[in-house]
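Reviewing the structure listed below.
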Ligand SMILES: Cc1cc2nc3c(=O)[nH]c(=O)nc-3n(C[C@H](O)[C@H](O)[C@H](O)COP(=O)(O)OP(=O)(O)OC[C@H]3O[C@@H](n4cnc5c(N)ncnc54)[C@H](O)[C@@H]3O)c2cc1C
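In the UniProt record's numbering, the protein residues as written are 1 to 354.
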């Protein structure tokens, strides 16, 4: 009997975890990962890599709980993985306190506190705060590389190779590659991050209304002290993250620039980004706000309902999309990967040629 063959397109955190999930479930499956760039070089390279135990809907809370547990087990099995647990404080206006309790997992064990455990962050009048558990952050680029290293050589990573066309036939899917080669597989998982408009899958994805939004995080040149907490500003959908491994703080705020092109999203911070971010942070930490002078700018794919999109795109169910991470693709990646692999038939006895 022949082994099932799957090509994963995209070697970001989602594609790497899809490949890992397939091999964990079906050791005999033949998996190839193809990326037009290097492993972990898309949104994953720019990610702040924060996981916090929150979800705005029941499905996202379930995915959050699954992913939190998955990363905890990964770190237990591989203590060198670049994942760093850290304390968390959540800040919200008192009118939105009930919303906070609904959004956070019970395992977060939110406990009211008078103020965040960092004297540079001051609560404005009417704000309330809690400490909570389950927060961690990762170097997502390094983690993607580490996952790929663990999968190689059984899973080949074809880097620097773009997929330019997908042709679904009765016997499988043929992927045309920029290198001039063809790959044929039983099934394909598309994990292209914000490259949702690539010609090979643009038309298949168009009915799902996925859009691309800029995502920005500012850097603050101040070394976080030991035990510094991540402070999540619930009302503003923003957070202040101590990056002890890099020796500086990061402030992520919600930028509302839509329909950007990932290939044009690396032109750096503009004056209006700095002004918006500083105005948000100044509500809580004016001293740090004044010191936001640099950062990271890229984008991510957003779905209309702000829940990840994991589904087959073709009638035969051979082409599965795994993405639409809505700026949460690190923290939800294990659950996205599991949902995507649930849609594959890994018992297939069809044999395709690479
Ligand atoms: C500044 C910033 C901060 C963020 N902070 C957080 C955070 O704190 N927590 C969190 O959970 N999420 C965060 N995110 C979001 C998170 O980083 C993304 O959701 C996640 O990295 C998406 O992973 P991915 O694997 O789907 O996409 P990517 O990492 O973008 O990978 C997609 C891959 O597909 C490849 N590809 C595209 N087109 C083709 C093609 N035609 N052929 C072959 N390969 C192709 C690309 O080269 C790329 O490597 C942040 C994002 C940004 C930009």
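No residue lacks a Cβ here, since even glycine has one placed at the ideal position from N, Cα and C.
With a threshold of 7 Å, establish whether the CB of residue i neighbours any heavy atom of ligand 1.
{"i": "residue 205", "result": "no"}
{"i": "residue 139", "result": "no"}
{"i": "residue 302", "result": "no"}
{"i": "residue 299", "result": "yes"}
{"i": "residue 66", "result": "no"}
{"i": "residue 46", "result": "yes"}
{"i": "residue 330", "result": "yes"}
{"i": "residue 375", "result": "What is shown of the chain runs 1 to 354, which leaves residue 375 out entirely."}
{"i": "residue 37", "result": "yes"}
{"i": "residue 308", "result": "no"}
{"i": "residue 195", "result": "yes"}
{"i": "residue 192", "result": "yes"}
What's the C-alpha gap between residue i and residue j?
{"i": "residue 259", "j": "residue 103", "result": "28 Å"}
{"i": "residue 242", "j": "residue 163", "result": "37 Å"}
{"i": "residue 346", "j": "residue 5", "result": "8 Å"}
{"i": "residue 56", "j": "residue 169", "result": "39 Å"}
{"i": "residue 350", "j": "residue 135", "result": "The pLDDT assigned to residue 350 is 49, lower than 50, so where the model puts this residue is not dependable, and the model offers no usable value."}
{"i": "residue 309", "j": "residue 326", "result": "10 Å"}
{"i": "residue 42", "j": "residue 338", "result": "21 Å"}
{"i": "residue 12", "j": "residue 121", "result": "34 Å"}
{"i": "residue 353", "j": "residue 166", "result": "With a pLDDT of 45 at residue 353, under the threshold of 50, the predicted position of this residue should be treated as unreliable, though the coordinate-derived value follows. Looking at the two C-alpha atoms, the distance is approximately 15 Å."}
{"i": "residue 187", "j": "residue 75", "result": "30 Å"}
{"i": "residue 107", "j": "residue 87", "result": "14 Å"}
{"i": "residue 112", "j": "residue 125", "result": "16 Å"}
{"i": "residue 344", "j": "residue 219", "result": "40 Å"}
{"i": "residue 14", "j": "residue 322", "result": "7 Å"}
{"i": "residue 77", "j": "residue 332", "result": "19 Å"}
{"i": "residue 110", "j": "residue 123", "result": "17 Å"}
{"i": "residue 130", "j": "residue 90", "result": "5 Å"}
{"i": "residue 270", "j": "residue 132", "result": "34 Å"}
{"i": "residue 161", "j": "residue 34", "result": "6 Å"}
{"i": "residue 116", "j": "residue 284", "result": "10 Å"}
{"i": "residue 39", "j": "residue 275", "result": "33 Å"}
{"i": "residue 369", "j": "residue 289", "result": "Past the boundaries of the shown model lies residue 369; the chain is included only from 1 to 354, so the question cannot be answered."}
{"i": "residue 313", "j": "residue 226", "result": "47 Å"}
{"i": "residue 324", "j": "residue 73", "result": "25 Å"}
{"i": "residue 151", "j": "residue 32", "result": "10 Å"}
{"i": "residue 301", "j": "residue 147", "result": "22 Å"}
{"i": "residue 137", "j": "residue 177", "result": "35 Å"}
{"i": "residue 209", "j": "residue 197", "result": "11 Å"}
{"i": "residue 224", "j": "residue 316", "result": "52 Å"}
Nearest CA to the CA of residue i: which residue from the options?
{"i": "residue 330", "options": "36, 71, 59 and 32", "result": "71"}
{"i": "residue 291", "options": "320, 88, 251 and 316", "result": "251"}
{"i": "residue 320", "options": "157, 172 and 118", "result": "172"}
{"i": "residue 336", "options": "63, 139, 222 and 273", "result": "63"}
{"i": "residue 54", "options": "334, 340, 341 and 328", "result": "328"}
{"i": "residue 179", "options": "324, 23 and 37", "result": "37"}
{"i": "residue 101", "options": "118, 342 and 128", "result": "128"}
{"i": "residue 264", "options": "303, 194 and 249", "result": "194"}
{"i": "residue 311", "options": "23, 156, 151 and 341", "result": "341"}
{"i": "residue 181", "options": "158, 307, 190 and 207", "result": "158"}
{"i": "residue 3", "options": "174, 10 and 23", "result": "23"}
Any chance the CB of residue i is under 7 Å from a heavy atom of ligand 2?
{"i": "residue 185", "result": "Absence of ligand 2 is noted for the structure shown, with ligand 1 being the only ligands found."}
**Message:** I'd like to know if the stretch 141 to 148 and the stretch 80 to 95 are in contact, where contact means that at least 3 CB-CB pairs between them fall below 8 Å.
**Reply:** yes
**Prompt:** Do three or more CB pairs link the stretch 46 to 53 to the stretch 16 to 28 at distances below 8 Å?
**Reply:** no
**Message:** Check whether the stretch 190 to 209 and the stretch 268 to 288 are in contact - that is, three or more C-beta pairs closer than 8 Å.
**Reply:** no
**Asked** Are the stretch 23 to 30 and the stretch 291 to 299 in contact at 8 Å, needing three or more beta carbon pairs?
**Response** no
**Item:** Meets three-Cβ-pair contact criterion under 8 Å: the stretch 224 to 241 and the stretch 92 to 110
**Value:** yes
**Item:** Contact the stretch 214 to 223 vs the stretch 254 to 273: 3+ CB pairs below 8 Å
**Value:** yes
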